[in-house]
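Novice: According to the working numbering, the residues represented by the sequence shown are -12 to 138, in order.
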Amino acid sequence: MDIKLRMATIHPESRDLIAVANCEFELAREISIDPEFKGILAERMNHFFYPNRKEHRTKQILAEVSRGVACYAAYSFLDNNVHLDSLYVKKCFRGFGIGEKLVYDVIERARQIEFDEIFLISPKSALPFYRKMGFVGGQVFENAQELVFPL
Ligand SMILES: CC(C)(COP(=O)(O)OP(=O)(O)OC[C@H]1O[C@@H](n2cnc3c(N)ncnc32)[C@H](O)[C@@H]1OP(=O)(O)O)[C@@H](O)C(=O)NCCC(=O)NCCS
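#1: Note down, in chain order, each residue of its chain lying with its Cβ closer than 7 Å to the Cβ of Asp119, except the 5 sequence neighbours on either side.
#2: Reducing DSSP to helix, strand and coil, say where Ser138 ends up.
#3: Helix or strand or just coil, what does DSSP make of Pro(-1)?
#4: Under a three-way DSSP split, which group does Gly125 fall into?
#5: Just grab the DSSP bridge partners of Pro115 for me.
#6: In the DSSP assignment, the alpha helix (DSSP H) including Ile108 goes from what residue to what residue?
#7: Please confirm if the region 65 to 80 is in contact with the region 103 to 122, defined as three or more CB-CB distances below 8 Å between the two stretches.
#8: Can you give me the start and stop residues for the beta strand (DSSP E) that Asp72 sits inside?
Shown next as structure tokens:
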């Protein structure tokens, strides 16, 4: 499958905004989110509409196929590390290596800026996916676990 990765352009008139928001909503619908995650989601929506605020350092990558956006990842630069905020592959595009390709792309970008590690909170269902790529376990929650990828 021909997959093109590119950074999303996020501003109120951008078509990418719709693609990113759709992926966020589908992600929130699919993985069970507790109130804490809902707060994170609300904060991210805020980011879409006020992308120029200095405190928002979230970046979005889109994986496009001929039929449109198949997958999306969002990550934020923190002080010494990178937080993978979201990763969502549309259901009909799963199992083609797109999710893995996007995560490796984030890893490569983080390496170039010389960050220490990438971390994220993964739902239980996605733990094997991240572990396969070399993420290692951190704090365990009821339905999720913190994972870290040392750079
Ligand atoms: C988890 C997710 C991102 C995987 O995307 P994907 O494009 O289907 O994954 P890939 O095709 O790149 O898979 C890479 C490898 O991981 C394996 N894998 C993928 N998802 C897996 C899962 N849930 N459990 C076990 N293995 C999995 C694949 O079989 C593949 O292994 P292989 O190389 O031996 O064939 C996708 O299923 C998804 O969007 N899920 C819902 C949202 C979610 O959980 N996001 C992550 C947390 S925010």
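Each residue gets a CB set at the ideal place from its N, CA and C atoms; glycine is no exception.
As the structure is a computational prediction, the values presented were derived from the model and not from experiment.
Specialist: So, from the listed chains and residues:
#1: Looking at the sequence shown, residue 119 is not Asp but Lys. Nothing listed; no residue qualifies.
#2: In the sequence on display, residue 138 carries Leu and not Ser. Coil at Leu138, not helix or strand.
#3: coil
#4: strand
#5: Note: Pro115 sits in no beta bridge, so no partner.
#6: Premise fails: Ile108 lies in the beta strand (DSSP E), Glu104 to Pro110, not in any alpha helix (DSSP H).
#7: yes
#8: Asn68 to Val76
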